[in-house]
Amino acid sequence: WVTLRHLLLNTFKQSEMPTVQFPEEPKPLAVRHRSRHRLTVRENGDPKCVACMCCETVCPARCIHIVAEESEQPWIEKRPKTFDIDLLRCVFCGYCVEACPEDAIRMDTDEVLLVGTRREDFIVGKQFLMFGKGNDWKLGRPVEGNEPRTGEPEDPPTTPEEDAGWPEMVPREKPKRPAGWQIDSKGSVPR
442 WVTLRHLLLN TFKQSEMPTV QFPEEPKPLA VRHRSRHRLT VRENGDPKCV
492 ACMCCETVCP ARCIHIVAEE SEQPWIEKRP KTFDIDLLRC VFCGYCVEAC
542 PEDAIRMDTD EVLLVGTRRE DFIVGKQFLM FGKGNDWKLG RPVEGNEPRT
592 GEPEDPPTTP EEDAGWPEMV PREKPKRPAG WQIDSKGSVP R
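Under the working numbering, think of the first position of the sequence shown as 442, with each following residue one higher.
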């Protein structure tokens, strides 16, 4: 009955169907939409990334691949030789942004990125992440009601009004194990 009901509603009440004529009418993006990764740079043009591998470690999709090398500056121990992100594997969770201690990686809110014809088009490297060069993609679509961000990279991505109403992050306590609960040398729990 459910299928028949949907068939009849879609046939006779087409004006009530939530259809969007894409791409002529682009669907509005959510305010907290995050899609395009970028690496922030220092004044001299080098990436702020110090190749600590925190973002690669925390990534649940394992889509970030970093190869480190020694840095030429004496106050920086290492830097990324290569920094690649496979966008087809990325789940756009933002954990890499939260884990970065140097604020070197960010995700922009006003651009839809997944456009390409080959798999290689979706693997972005360090140069594209830093300067937006490398792939000939048509980027940029403003979030409905917002203009594209044009400020410095240090501008905050959201305003307090946008954050209002969202729950605060509360750290969870580790679950306590019952008394006498231990793992033996074989990795099993005695009963």
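The C-beta atom is built at its ideal place from N, Cα and C for all residues, glycine as well.
Fair warning: this is a prediction, and the values are worked out from it, not measured in the lab.
Taken through DSSP and simplified to helix, strand or coil, D562 comes out as helix. Given a length threshold of 4 residues, each whole run of the alpha helix (DSSP H) inside the segment 462–508 is given here in chain order: 495–499. E465 and E457 have their C-alpha atoms some 19 Å from each other. As DSSP reads the structure, R520 sits in a beta bridge with E510. C504 and C531 do touch by the CB rule: their CB atoms are close to 4 Å apart, below 8 Å. CA-to-CA, the gap between K468 and V461 works out to about 7 Å.
Residues of the same chain with a CB within less than 7 Å of the CB of A545, apart from the 5 flanking positions on each side, are L480, T481, P488, K489, C490 in chain order. 8 Å or more divides the Cβ of F572 from the Cβ of L528. If you ignore the 5 residues before and after E511, its C-beta comes within less than 7 Å of the C-beta of K519, all in its own chain and listed in chain order.
With respect to T523, V499 sits apart: the two C-beta atoms are not nearer than 8 Å. A check of alpha carbon separations from R547 across I517, R477, L449 identifies R477 as the nearest. Less than 8 Å separates the beta-carbon of G535 from that of R475.
When the beta-carbon positions are compared, D525 and G486 stay at least 8 Å from each other.
When rounded, the separation of the alpha-carbon atoms in R473 and C496 is 20 Å. Within the same chain, and ignoring the five residues on either side of P521 in sequence, the residues whose Cβ sits closer than 8 Å to its Cβ are P488, C490, A492, I507, V508, A509, E510, K567.
Rounded to whole angstroms, R483 and E543 show a C-alpha spacing of 11 Å. Look at M571 here: in three-state DSSP terms it is helix.
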